[in-house]
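One structure is given below, encoded as structure tokens.
Numbering (the working numbering), first residue to last: 103 to 370.
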């Protein structure tokens with residue numbers, strides 16, 4: 103009359119049991135023991151339920167082992183959400199552009215005073231400059247800067263930026279820079295005697311850079327003060343201490359950013 107006894111046999115296998123994510127605070131009942139509680143976590147592959155009295159019990163995540171609103175369900179551990187992709191930044195602090203290779207070099211250039219300056223610029227701004235297609239070239243000093251600029255023949259599509267050491271009022275460097283007035287040439291600088299000094303001394307293990315008496319070569323004076331035999335050894339120590347813009351002083355950062363903006367700006 104009533105058909106098959108719905109309570110006979112293994113009812114857990116007789117019907118399709120839905121799977122439910124065991125999200126925190128989901129209230130379910132263990133079908134075998136009658137323990138009812140909210141999901142508070144997982145331990146060793148089992149779900150942890152806490153009842154209204156604060157008692158906790160662990161239950162295996164077996165098929166059809168729980169009741170949700172009186173109906174059998176299979177609990178499953180929620181899939182972990184994918185971690186958000188972290189934005190990668192270059193050593194200069196710029197947002198790194200994925201999948202972009204270095205461009206063919208443009209006609210524009212950035213000049214720096216020596217190979218140490220070039221190496222430091224490469225360490226911090228190399229990624230940015232390669233993407234922009236800008237080459238950094240070291241000079242052997244700036245005594246003949248005006249002539250070198252004339253030979254370069256700058257223009258709107260062939261801009262030139264120059265980074266100068268010890269560019270302070272009244273210095274020899276400031277007088278040389280004043281002789282160059284081409285509109286497509288930008289000269290910036292920092293106040294330090296040498297680019298070494300633009301690296302924060304703490305990064306090199308110093309409280310401050312040594313004061314070298316006038317008339318003595320600055321690099322040799324620094325090496326003597328800190329107990330390093332050769333300038334080449336000291337330079338390796340300095341360069342190894344630099345991994346990003348945070349390791350150098352602000353005047354150098356500002357000067358380089360202005361030069362990069364100048365040589366990469368579209369022609370007017």
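Quick reminder that beta carbons are idealized off the backbone N, C-alpha and C, glycines included.
Model, not experiment: these values are computed from the prediction.
Query, Result
"Secondary structure of residue 256, DSSP reduced to three states", "coil"
"Reduced DSSP category for residue 311 - H, G, I as helix; E, B as strand; rest coil", "coil"
"Classification of residue 173 by the beta-carbon crowding that lies within 10 angstroms, buried from 16 upward", "exposed"
"DSSP state of residue 302 mapped onto helix, strand, coil", "coil"
"Residue(s) in a DSSP beta bridge with residue 144", "149"
"9 Å Cβ cutoff met for residue 263 and residue 241", "no"
"Status (buried if at least 16 other CB within 10 Å, exposed otherwise) for residue 130", "buried"
"Cβ-Cβ separation, residue 123 to residue 165 (assumed contact under 8 Å), whole Å", "Not really, about 15 Å apart at Cβ, beyond 8 Å."
"Minimum C-alpha distance to residue 128 - residue among 140, 134, 119, 152", "140"
"C-beta atoms of residue 169 and residue 147 nearer than 9 Å", "no"
"Nonlocal neighbours in the same chain, by C-beta distance under 7 Å from residue 208, ignoring five residues either side", "235, 236"
"DSSP-derived helix/strand/coil call for residue 264", "strand"
"Residues bridged to residue 121 (per DSSP)", "176"
"Which listed residue (135, 248, 182, 159) has its alpha carbon closest to that of residue 142", "159"
"Closer than 9 Å to chain D by CB, residue 173", "Among the chains of the structure shown, chain D does not appear; only one protein chain is present."
"Within 9 Å, strictly: CB atoms of residue 349 and residue 302", "yes"
"Contact set for residue 194: own chain, Cβ-Cβ below 6 Å, skip 5 residues either direction", "226, 227, 230, 347"
"contact_flag[the region 333-342, the region 238-257] where n(CB pairs < 8 Å) is 3 or more", "no"
"Same chain only: Cβ atoms within 8 Å of residue 96, ignoring 5 sequence neighbours per side", "As displayed, the chain neither begins before 103 nor continues past 370, which places residue 96 out of reach and without an answer."
"Exposure of residue 215, with buried meaning 16 or more beta-carbon neighbours within 10 Å", "buried"
"Secondary structure of residue 359, DSSP reduced to three states", "helix"
"Pairwise C-alpha distance: residue 248 and residue 265", "14 Å"
"Proximity of residue 212 and residue 362 at Cβ, strictly below 9 Å", "yes"
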